[in-house]
Amino acid sequence: MAEFENAKKYILEELGGKLPENLTYHGLWHTKNVYKAACDFSVYYNLNPDERLILETASLYHDAGFLNVYRNHEEAGCIIAAEILPKFGYEIPVIEQIQELIMATKIPQSPKQFLSELICDADLDYLGGSDYDRIASLLFDEFREYHIVTTELQWFEMQAGFLESHTFFSEFSRTHRDPKKKENLVRVQMHLEKLRNNGKA
């Protein structure tokens, strides 16, 4: 029988103690937020114990790959899951489903089934949250650190494009997160327009 609590304790301690400090967005707090959203989905959709085990474990391990690499961290996370979870009694078919969920979170998200849709929405729950600006600024800092963007203009162009193209998969997120996400997009677009106008001055 899978020892979920021990698997949870192990990865949270690893993330808390070993993640690079310059991961201002993909830190321990992000994994905890995604786990909380996954637990909320488990309750809302009345998932059975097997489904909960897969979804909630995947949410805890979905960014474990950052312990080893930055790019393609999802693949690295799958390797960690395959190495660690058997020690906590997880069976191979369950681990394979957890790996499928981890890979579904890779941008652009590609969920192939219901639980994958839920973890994708949990991972990007902040897009439709009231603290979007604060969280997005942490991602901006991280992207600058890793040379993904270099200017504020680039960042807001990226944000606007991402928010415009992003779609929540679950009925819960479409109902409860889309309205705020649209507000966040409008605010980002306004700031982007201001940056562009300043550049013309």
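Residues in the sequence shown are numbered from 1 upward in steps of one, following our numbering. Glycine included, every Cβ here is placed at the ideal spot set by N, Cα and C.
In the three-state reduction of the DSSP assignment, Phe140 falls in the helix class, which pools H, G and I. Listed in chain order, the non-local C-beta contacts of Pro93 below 8 Å within the same chain number zero, local neighbours out to five positions each way being set aside.
Note on geometry: alpha-carbon atoms of Phe88 and Leu28 lie some 21 Å from one another. Looking at the backbone, the Cα of Ala160 and that of Leu185 are separated by about 6 Å. With 16 or more other Cβ atoms inside 10 Å of its own Cβ, Gln99 counts as buried. Distance from the Cα of Ala58 is smallest, within the candidate group Glu117, Phe143, His147, for Glu117.
Phe172 is positioned such that its CB atom lies closer than 9 Å to that of Tyr44. One thing to note: Tyr90 has its Cβ within 9 Å of the Cβ of Ala7. Assignment of Val34 by DSSP, reduced to helix, strand and coil, places it in the helix class.
The region 186-201 makes contact with the region 153-169; the number of CB pairs closer than 8 Å reaches 3 or more.
Apart from sequence neighbours up to five positions away, no residue of its chain approaches Glu21 with a beta-carbon distance below 7 Å. For a cut-off of 8 Å, the C-beta gap from Asp121 to Ser170 is around 5 Å, short enough to register as a contact.
Bounds of any alpha helix (DSSP H) do not take in Phe168, whose DSSP letter is neither H nor E. Taking Pro108 as the centre and dropping the five residues before and after it, the same chain places no C-beta closer than 7 Å to its C-beta.
By the neighbour-count criterion, in which 16 or more other beta carbons inside 10 Å mark a residue as buried, Tyr146 falls on the exposed side. The Cβ atoms of Lys106 and Glu74 lie closer than 9 Å to each other. Here DSSP, grouped into helix, strand and coil, assigns Glu21 to coil.
In the displayed model, Ile107 falls within coil according to three-state DSSP, outside both helix and strand. Excluding its 5 nearest sequence neighbours in each direction, Leu163 has C-beta neighbours in its own chain below 8 Å: Leu127, Lys181, Asn184, Leu185, Val188, listed in chain order.
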